[in-house]
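Participant: Structure provided below as structure tokens; questions to follow.
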Amino acid sequence: METEPRENDPLAYDIDPQARAISLEEASEIADEVRGLIETGQEHSAWELMRRLHPADIGSIVAGLPRNSRDAMVRVMSPETLTGVLRHMNPLEAGRVGTRIGANMLSFVFAQVHPQQALTTLRHIPFLPIYAVRAVLPRRAEEGYEENVLTRDPDTAGRLMVEDLPAVRFDGDASAVKERLKALDQIRDDLTHLYVVDEHHVVLGQISMVDLALADLDTPVAEITEPIVATVDVDTPVDECARLRRHYNLTQLPVLDGEKLIGVVLTDALLGAVVEHDTRQMQQVASVAGETVDGPISDSIRTRLPWLTVNLGTTFLAAATVALFESTLAQVVVLAAFLPVVAGQGGIGGTQTLTLIVRAIALGELVGVEAHRLLIREAMLGILHGLWLGALVAVIAVIWKQNFGLGMVLGLAMFGNMIIAGTIGAAVPLFLRRIGQDPAVASAVVVTTVTDVVGFVLFLGIATASISLIA
Numbered sequence: 001m002e003t004e005p006r007e008n009d010p011l012a013y014d015i016d017p018q019a020r021a022i023s024l025e026e027a028s029e030i031a032d033e034v035r036g037l038i039e040t041g042q043e044h045s046a047w048e049l050m051r052r053l054h055p056a057d058i059g060s061i062v063a064g065l066p067r068n069s070r071d072a073m074v075r076v077m078s079p080e081t082l083t084g085v086l087r088h089m090n091p092l093e094a095g096r097v098g099t100r101i102g103a104n105m106l107s108f109v110f111a112q113v114h115p116q117q118a119l120t121t122l123r124h125i126p127f128l129p130i131y132a133v134r135a136v137l138p139r140r141a142e143e144g145y146e147e148n149v150l151t152r153d154p155d156t157a158g159r160l161m162v163e164d165l166p167a168v169r170f171d172g173d174a175s176a177v178k179e180r181l182k183a184l185d186q187i188r189d190d191l192t193h194l195y196v197v198d199e200h201h202v203v204l205g206q207i208s209m210v211d212l213a214l215a216d217l218d219t220p221v222a223e224i225t226e227p228i229v230a231t232v233d234v235d236t237p238v239d240e241c242a243r244l245r246r247h248y249n250l251t252q253l254p255v256l257d258g259e260k261l262i263g264v265v266l267t268d269a270l271l272g273a274v275v276e277h278d279t280r281q282m283q284q285v286a287s288v289a290g291e292t293v294d295g296p297i298s299d300s301i302r303t304r305l306p307w308l309t310v311n312l313g314t315t316f317l318a319a320a321t322v323a324l325f326e327s328t329l330a331q332v333v334v335l336a337a338f339l340p341v342v343a344g345q346g347g348i349g350g351t352q353t354l355t356l357i358v359r360a361i362a363l364g365e366l367v368g369v370e371a372h373r374l375l376i377r378e379a380m381l382g383i384l385h386g387l388w389l390g391a392l393v394a395v396i397a398v399i400w401k402q403n404f405g406l407g408m409v410l411g412l413a414m415f416g417n418m419i420i421a422g423t424i425g426a427a428v429p430l431f432l433r434r435i436g437q438d439p440a441v442a443s444a445v446v447v448t449t450v451t452d453v454v455g456f457v458l459f460l461g462i463a464t465a466s467i468s469l470i471a
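Residue numbers (the working numbering): 1 to 471.
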């Protein structure tokens, strides 16, 4: 006979969510020992070694195992245990573990537990590709699931929110609010605010847990109610939720349908959204968006190969630029040795600027900042960097090759390319944002290409014009 899940009993899942933290070195040692036990067929001994660890450490160790070992370990863990581990983990890490375990295995696990347990677990992992899981879920496991939870876009507030409403009536007092809080045993520990609503569930304000704790029992709700800074609806993008959380230092986000409260995005989901947003921005700059270090090779190929192909085309453009100066290179072969110096420094300088600008755009730090001020600032930095690096590389060239003309040409080219690198590194993402494109996606390729081509043109062009000084 099926029983209700024991949400508040850690032993129901054979794990201890209050287990102490361990260092990365300890986790690595335990992971090696677990892997060795599984390889010798001692899966149950491996589980005994792990079961008293924190759920986050259990999940990380299981996710890092080879597929066969991972599947063997999951089969040893009870379905209740695995769902408990996922629910007690950081949502972002839980999503990574769930992805590694795979849709088929997760569906098998969810089919063995109470539907409400499975639903709660799915809700806790907003970044898990839920459609793949749902596609192979047996019908019995879908019983009790709310259709809208399984069909919402995973990149929206609707998938981040919980629908256990932390709402209280405006006409009550603090004692009624505390009684309402006791009834919210599912999410009570994760709350920082309760929301005040009228008889039609229209939101009127919020009450912080600190104010509630300090209030006398007979204090009217109105006296401890404060305004709500920001709200979202179910279709608000996750990136916007992350921006609101960071910009306004929020710990919760109420989700409204019109003016009515229908859910709340809790702290852990908000933090997960921030990490996911920042990770996605960083990966897009490097053209590896959506990829994980331990993900399938096919995903890595799909993510990287198109951009590597594009980059190959841009390198041919740089090669064609060099080919324009074949006669100069033929006369002064030593110039070829210094080509990577100019292009490489320009690429690094441009990427530094690009990274700062893309991050500032993502964090909303450029509101009210005029583009020309940024360009002037980066051009000034380019001049300062160029003066130092140009002088340094000129001295090195003179000492190394005993050729003053070569040092002069190299120094001038370095000076000019550092100015261009800083300016282009700022201009490209600003331009892409201006035309409505994501500046993180294509900026790196454009900046690298421009700095390479300009660097070659400057170096070889100046060398051609002053061939008599260096030949």
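Every residue, glycine too, gets a C-beta built ideally from N, C-alpha and C. Quick caveat, the model's predicted, so the values are computed rather than measured.
#1: Do you know how far the Cα of H201 is from the Cα of M161?
#2: Can you list, in chain order, the residues of its chain whose CB lies under 6 angstroms from that of T449, leaving out five sequence neighbours each side?
#3: Is the stretch 409 to 419 close to the stretch 452 to 467, with three or more CB pairs under 8 angstroms?
#4: Taking the alpha-carbon of A330 as reference, which of A463, V398, N249 and S443 has the nearest alpha-carbon?
#5: Work out the CA separation of Q252 and L191 for me, nearest whole Å.
#6: Which residues in the same chain as R70 place their Cβ atom closer than 8 angstroms to its Cβ, once the five residues preceding and following it in sequence are excluded?
#7: Going straight from the alpha carbon of V428 to that of R377, what length do you get?
#8: Is the stretch 155 to 174 close to the stretch 229 to 248, with three or more CB pairs under 8 angstroms?
#9: Can you tell me whether DSSP reads E226 as helix, strand or coil?
#10: Whose CA, out of A343, G386 and Q437, lies closest to the CA of T451?
#11: With burial defined as no fewer than 16 other Cβ atoms inside 10 Å of the residue's Cβ, what is the status of G144: buried or exposed?
#12: Where do the N-terminal and C-terminal ends of the beta strand (DSSP E) with V265 fall, by residue?
#13: List, from N- to C-terminal side, the alpha helix (DSSP H) runs of 4 residues or more that fit wholly inside the stretch 399 to 436.
#14: Once DSSP output is grouped into helix, strand and coil, what is the label at P66?
#15: Which runs of the alpha helix (DSSP H) spanning at least 4 residues fall entirely within the stretch 41 to 90, listed in chain order?
#16: When you compare the CB positions of A72 and E43, do they come within less than 8 angstroms of one another, or not?
#17: Using beta-carbon positions only, say whether L194 and A167 come within less than 8 angstroms of one another.
#18: Per DSSP, which residues does I207 bridge with? Please list them.
#19: Can you give me the Cβ contacts of L504 inside the same chain, cut-off strictly under 8 angstroms, excluding the 5 residues immediately before and after it?
#20: Do M50 and V74 have their CB atoms nearer than 8 angstroms?
#21: Based on the DSSP output, what are the partners of V202 in its beta bridges?
#22: Beta-carbon within less than 6 angstroms of V322's beta-carbon, same chain only, minus the 5 sequence neighbours each way: which residues are those?
#23: Report the option in T355, V333, V445 and I361 whose CA atom is closest to the CA atom of K401.
#24: Count the other C-beta atoms from every protein chain shown that fall within 10 angstroms of the C-beta of W47, then say buried if there are 16 or more, exposed otherwise.
#25: For V168, which three-state DSSP category applies?
#26: If you run the structure through DSSP and keep just helix, strand and coil, what is D239?
#27: For a test of the three-state rule: what should DSSP assign to T321, helix, strand or coil?
#28: Please name the residue, chosen from I38, I58 and T40, that lies closest to E26 on a Cα-to-Cα basis.
#29: Compute the Euclidean distance between the alpha carbons of E370 and T351, then round it to the nearest angstrom.
#30: Tell me V232's beta-bridge partners as DSSP assigns them.
#31: Between I30, G411, A318 and S78, which lies nearest to S60 when the distance is taken from Cα to Cα?
#32: Under three-state DSSP, which class holds A141?
#33: What separation, rounded to the nearest whole angstrom, lies between the Cα atoms of S443 and L432?
#34: Tell me which residues share the same chain as V542 and place their Cβ nearer than 7 angstroms to its Cβ, disregarding the 5 neighbours each side in the sequence.
#35: Is the Cβ-Cβ distance between A118 and F110 less than 8 angstroms?
#36: Locate the alpha helix (DSSP H) running through E370, then write down its first and last residues.
Facilitator: This is what the structure holds:
#1: 17 angstroms
#2: T314
#3: yes
#4: A463
#5: 8 angstroms
#6: V62, A63, R100 and I101
#7: 15 angstroms
#8: yes
#9: strand
#10: A343
#11: Residue confidence is low: G144 scores 45 on pLDDT, short of 50, so the model does not pin down where it sits. Its coordinate-derived value is still stated next. G144 is exposed by the Cβ-count criterion.
#12: K260 to V265
#13: 404 to 434
#14: coil
#15: 43 to 50, 55 to 64, 67 to 76 and 79 to 88
#16: yes
#17: yes
#18: L194
#19: Past the edges of the chain, shown from 1 to 471, lies residue 504, and the structure says nothing about it.
#20: no
#21: K260
#22: F456
#23: V333
#24: buried
#25: strand
#26: helix
#27: helix
#28: I58
#29: 21 angstroms
#30: V255
#31: I30
#32: With a pLDDT of 44 at A141, under the threshold of 50, the modelled position of this residue cannot be trusted, and the question is left open.
#33: 8 angstroms
#34: Outside the modelled stretch of the chain, which goes from 1 to 471, sits residue 542, for which no answer is possible.
#35: yes
#36: Neither: E370 is in no alpha helix (DSSP H) and is coded neither H nor E.
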